[in-house]
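Protein chains in written order, with my numbering: chain A, 1 to 568; chain B, 1 to 364.
A short write-up of the structure that comes next.
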């Protein structure tokens, strides 16, 4: 083979030829990107453009925004939202930090049990604490006297309910920040004879600062976008998320709903961006040589922390317990005998037991389909070759849902999928749109879980597999998926639990055939059937608790089975 | 040199022509050209960041070069994805699949090739025997020692009988003893199979003991290519001389057709084409400096004083002060030190043998 005629060619730029794997992976990424564009980018675009349209559908510039800001009642909601969000952030972050401190830095007993109890609120809709508060401190509440004439309906009730709802989210983040503490720093501090208080302020607190900031932003976002607690316990106290609901469901004023959606989008996106920046620095703080910290026993600290944990547990279990009690009581507060009459959901609004089974179906579909989509997308974006721009764009689409409040997403779906010219219009009112919406709503955390797991895999696996001329999907099936199975299960349980409890996005999208348990709680409460609402809420709790236990059991089984190749 | 029949047989197996790789403004590989013959064991040697791994990954197609051509066995593979090339690879991390047994790891590349199960099994057992791990087939990688894992990775890379074996720092993660042992093992395995092999390493000892030819790289360019002895004896640049082994450097000026001025001494040597009066760097290896039985009237001899002795196990390194600002180091055998009773502060004559002196331009 003489190739002297092309002797000049070698200096030319090389355009890498794409193999079959590259084409397949790019096509796969394209499909998932298209999915995210259809279920996230386009709906949001529709909502944005709607906020600039008149009722007749003509471009109206900032007229809607002007109308919004000149309506004091609506404008007041911005202040209320921030007030509630900031107050809750302060309270929850503090409670979560002390609880995390108790769990990681003290020698108190029953840590495992307390950790489970503190995580319980994640299993229930944000409507549930509100219902419990109505029973405990409402007009006919058991403990109404403790409020000394203050009303639970309003900011007080909202904040208590939001603290209950956000506590586990903040706790998880701060726990992580405190767990990665380096024991060597503590040893150095002790060697320098620093007092316990000094160690706390010079080592513990600075070490956890990024975790604290991150937790604060997460809580802030959760609260400002939540509509469950204000709906149930807010009384006349309006917040942004509630305004969207009232504009759309109550007044059928979609344009104004879109305007409130845009207003709500701003703090949520801002909090999201700051949080991402902070988390990037937390990673840089980690050192591979860190030695895990083992708390030293101290009778006084341990006793104080135990007392703390008991108090928080009483708060959480009290909320849950009173809900369950209220669901069983025949006629509050006049006939306190117990029976199951409130579980006959067919006699009240909300869709009856069908709602419950719809919810289970929807959650299972979300868990299965969502996990497949998310893991495949994360795999392609993480392990694909070249195609930098496409992968960066995909990363952005995958992170964006975190910044989109559920109410905004649901409203955006109405505009996009209910548009008659949309070829996807057929999805409107089906179970599929509920599943799609829920997957998109909870996409980011799942995506990050998958990416983290994939990043822990040796980056050379794919190179070795390619050198052995095996297609990428063989590598994926034989090695990547089995090794990432714990993370995959984590993603599916996350999807399941959230699909069971979510209200905000799906409240705009369900049809008479696809009513959901969480929405039923809302509607029953709205209609004054609070006891059945509590009963349904507790059904969600038991279902999620069961799913969690099953998940833990399967994960443990996997670990035992794969221990042979995990021990190092 | 015209097309004789045996000439085409010895046509290079791998031909790299003008390969350049840039990352933004940074040139990781700068116009690299190199040929590698069939069955050869070539080491890419250089400090970290010199581009040796980048070149290996370009050959594998893992990070394709920005421009330039790579031909393997007469086929232009410049733009092909890894799966369409013909190579096996072993990484520093071994990249063994943690959830597959040793047997399945090695069999991985043999699947989907229309091979019967029995044939696959036979091949795996053959490879296990080849790397001496026949009794470990059912274990998982995490249950093996580092050296054993390395051998599994090697067996897996060789399973499909690739034409080219790429080794990316394969021994760097092992402790010294195991590494020395595996060096021999990998080398004899390569010789036995006759597979063309490229190994990337930053360890000069590894390169010197294993390679047929060493490619010394610096800042994305090739500094020197040659057999180990040649690279060691006749380093092409100050960088190579300094990077491989120990070397004394001293300034000098060309003072005659075969002499260089070193302080007030004229040393006879090959002046390597430098013009008269050119400032040069004189280089000589510590073990090439002769001590003992040297008298002042011998060629290239000069007086020196022992400033210090450093015991390094099998030999002693002496620090020598000469009557120039330059300080020299000389390696002496323990025997010699004992025989001549060399001690600190002693004054004696040393000789810089003419054929061991190398001169480099001072600009470097």
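Cβ atoms here follow ideal geometry from the backbone N, Cα and C, with glycine treated the same way.
Give a yes or no on whether 8 Å exceeds the smallest Cβ distance from residue 311 of chain B to chain A.
Numbered from its first residue, the second chain carries residue 311 of chain B at position 311. Chain A contact via Cβ: absent.
Identify whether residue 53 of chain A lies in helix, strand or coil by the three-state DSSP scheme.
For the purposes of this step, residue 53 of chain A is taken as the residue at position 53 of the first chain. Of the three classes helix, strand and coil, the one that applies to residue 53 of chain A here is strand, per DSSP.
Helix, strand or coil, according to DSSP, for residue 488 of chain A in the structure here?
To locate residue 488 of chain A, count along the first chain from 1; it is residue 488. Here residue 488 of chain A sits in helix by DSSP.
Kindly give me the distance between the Cβ atoms of residue 164 of chain B and residue 86 of chain B, rounded to whole angstroms, as I take these residues to be in contact under 8 Å.
As a first step, residue 164 of chain B must be located in the second chain, where it is residue number 164. As a first step, residue 86 of chain B must be located in the second chain, where it is residue number 86. Yes, residue 164 of chain B and residue 86 of chain B are in contact; Cβ-Cβ is about 6 Å, under 8 Å.
Whose Cβ in chain B lies nearer than 8 Å to the Cβ of residue 230 of chain A?
For the purposes of this step, residue 230 of chain A is taken as residue 230 along the first chain, with counting starting at 1. None at all; the shortest Cβ gap to chain B is about 48 Å.
Identify which residue in A/36, A/37 and A/48 has its Cα closest to the Cα of residue 260 of chain A.
Taking the first residue of the first chain as position 1, residue 260 of chain A is located at position 260. When only C-alpha atoms are compared, the closest one is A/48.
Within 7 Å: the Cβ of residue 205 of chain A and any heavy atom of the ligand MG?
Absence of the ligand MG from the depicted structure is noted, as is the absence of any ligand whatsoever, leaving it without description.
Return helix, strand or coil for residue 349 of chain B, following the three-state DSSP convention.
Along the second chain, one-based indexing puts residue 349 of chain B at 349. Strand at residue 349 of chain B.
Determine the direct distance from the alpha carbon of residue 463 of chain A to that of residue 21 of chain A, and round the result to whole angstroms.
The sequence position of residue 21 of chain A within the first chain is 21, counting from 1. The sequence position of residue 463 of chain A within the first chain is 463, counting from 1. Between residue 21 of chain A and residue 463 of chain A, the C-alpha separation is close to 12 Å.
Compute the Euclidean distance between the alpha carbons of residue 436 of chain A and residue 428 of chain A, then round it to the nearest angstrom.
Position 436 of the first chain, counted from the start, is the residue given in the question as residue 436 of chain A. Position 428 of the first chain, counted from the start, is the residue given in the question as residue 428 of chain A. Roughly 11 Å between the two C-alpha positions.
Please confirm if residue 108 of chain B has its CB atom under 8 Å from at least one CB of chain A.
As a working mapping, residue 108 of chain B is identified with position 108 in the second chain. Answer yes: the Cβ-Cβ gap between residue 108 of chain B and chain A drops below 8 Å somewhere.
If I measure Cβ to Cβ from residue 201 of chain B and keep anything under 7 Å in the same chain, skipping five residues before and after, which residues do I get?
Taking the first residue of the second chain as position 1, residue 201 of chain B is located at position 201. Taken in chain order, the residues that qualify are 43, 45, 169 and 207.
Identify whether residue 8 of chain B lies in helix, strand or coil by the three-state DSSP scheme.
Counted from its first residue, the second chain places residue 8 of chain B at position 8. Here residue 8 of chain B scores only 45 on pLDDT, less than 50, and its place in the model is too uncertain to base an answer on.
Residues of chain A with CB under 8 Å from residue 84 of chain B, in chain order?
Within the second chain, the letter at position 84 stands for residue 84 of chain B. Within 8 Å Cβ-Cβ: 17 and 19.
Residue 99 of chain B versus chain A: which residues are under 7 Å apart at the beta carbon?
Taking the second chain and counting its residues from 1, one reaches residue 99 of chain B at position 99. Near residue 99 of chain B (Cβ distances below 7 Å), the residues of chain A are 479, 482, 483, 562 and 565.
Go ahead and pull the three-state DSSP assignment for residue 132 of chain A.
Sequence index remark: in the first chain, residue 132 of chain A carries index 132 (1-based). Helix, per DSSP.
What are the boundary residues of the alpha helix (DSSP H) that residue 322 of chain A is part of?
The residue you call residue 322 of chain A lines up with position 322 of the first chain. Its alpha helix (DSSP H) spans residues 299-328.
Can you pull the chain B neighbours of residue 461 of chain A, defined as C-beta to C-beta under 8 Å?
The residue given as residue 461 of chain A occupies position 461 in the first chain. Residues of chain B passing the Cβ test: 95 and 97.
Could you give the distance in angstroms between the alpha-carbon of residue 242 of chain A and the alpha-carbon of residue 176 of chain A?
As a position in the first chain, residue 242 of chain A is number 242, starting the count at 1. As a position in the first chain, residue 176 of chain A is number 176, starting the count at 1. Straight-line Cα distance between these residues: approximately 33 Å.
Looking at the C-beta of residue 526 of chain A, does it have a partner C-beta in chain B at a distance below 8 Å?
Along the first chain, one-based indexing puts residue 526 of chain A at 526. Judged by the 8 Å Cβ criterion, residue 526 of chain A is not in contact with chain B.
Which partner residues of residue 361 of chain B appear in the DSSP bridge assignment?
Numbered from 1 along the second chain, position 361 holds the residue referred to as residue 361 of chain B. B/280, per the DSSP bridge assignment.
Which of the three DSSP states is assigned to residue 85 of chain A in this structure?
Taking the first chain and counting its residues from 1, the one referred to as residue 85 of chain A is at position 85. Correct three-state label for residue 85 of chain A: helix.
Is residue 334 of chain B buried or exposed, if buried means 16 or more other CB atoms sit within 10 Å of its CB?
Within the second chain, numbered from 1, the residue matching residue 334 of chain B stands at position 334. Exposed, since its Cβ has fewer than 16 Cβ neighbours within 10 Å.
Just the C-alpha distance for residue 188 of chain B and residue 52 of chain B, rounded to the nearest angstrom, thanks.
Start at 1 with the first residue of the second chain, and residue 188 of chain B comes out as number 188. Start at 1 with the first residue of the second chain, and residue 52 of chain B comes out as number 52. Spanning the two alpha carbons is a distance of roughly 24 Å.
Between residue 36 of chain B and residue 230 of chain B, what straight-line distance do the alpha-carbon atoms span, to the nearest angstrom?
One-based indexing of the second chain puts residue 36 of chain B at position 36. One-based indexing of the second chain puts residue 230 of chain B at position 230. Approximately 17 Å between the Cα atoms of the pair.
In this structure, how does DSSP classify residue 93 of chain B when only helix, strand and coil are distinguished?
Residue numbering aside, residue 93 of chain B sits at position 93 when the second chain is read from its first letter. Of the three classes helix, strand and coil, the one that applies to residue 93 of chain B here is coil, per DSSP.
Would you kindly work out how many angstroms separate the C-alpha atoms of residue 199 of chain B and residue 167 of chain B, rounded to a whole number?
Position 199 of the second chain, counting from 1, holds the residue named residue 199 of chain B. Position 167 of the second chain, counting from 1, holds the residue named residue 167 of chain B. Cα-Cα distance, rounded: 4 Å.
I want to see whether chain B comes within less than 8 Å of residue 464 of chain A, judged by CB atoms only; does it?
Translated into the one-based positions of the first chain, residue 464 of chain A becomes position 464. Yes, residue 464 of chain A lies at the interface with chain B (some Cβ there is under 8 Å from its Cβ).
Are the C-beta atoms of residue 476 of chain A and some chain B residue less than 8 Å apart?
For the purposes of this step, residue 476 of chain A is taken as the residue at position 476 of the first chain. No - not a single Cβ of chain B is within 8 Å of the one on residue 476 of chain A.
Under 8 Å, Cβ to Cβ, is there at least one residue of chain A near residue 198 of chain B?
Locating residue 198 of chain B in the second chain gives position 198, counting from the first residue. With 8 Å as the cut-off, residue 198 of chain B does not count as an interface residue toward chain A.
Hey, does residue 455 of chain A have any beta-carbon neighbour from chain B nearer than 8 Å?
Counting from 1 along the first chain, the entry for residue 455 of chain A is found at position 455. It does not; no Cβ of chain B falls within 8 Å.
Please say whether residue 517 of chain A and residue 341 of chain A have beta carbons closer to each other than 8 Å?
For the purposes of this step, residue 341 of chain A is taken as the residue at position 341 of the first chain. For the purposes of this step, residue 517 of chain A is taken as the residue at position 517 of the first chain. By the CB criterion at 8 Å, residue 341 of chain A and residue 517 of chain A fall outside the cutoff.
Find the residues of chain A that neighbour residue 78 of chain B, judging by a C-beta separation of less than 7 Å, and give them in chain order.
Your numbering for residue 78 of chain B matches position 78 in the second chain. Under the 7 Å cutoff, chain A gives 14.
Do three or more CB pairs link the region 93-110 of chain B to the region 73-84 of chain B at distances below 8 Å?
no
What does residue 88 of chain B touch in chain A if you count any residue whose Cβ is under 8 Å from its own?
Locating residue 88 of chain B in the second chain gives position 88, counting from the first residue. Result: 467 and 468.
Quick one: what does DSSP say residue 404 of chain A is sitting in, helix, strand or coil?
Sequence index remark: in the first chain, residue 404 of chain A carries index 404 (1-based). Looking at residue 404 of chain A - three-state DSSP - the assignment turns out to be coil, as it is neither helix nor strand.
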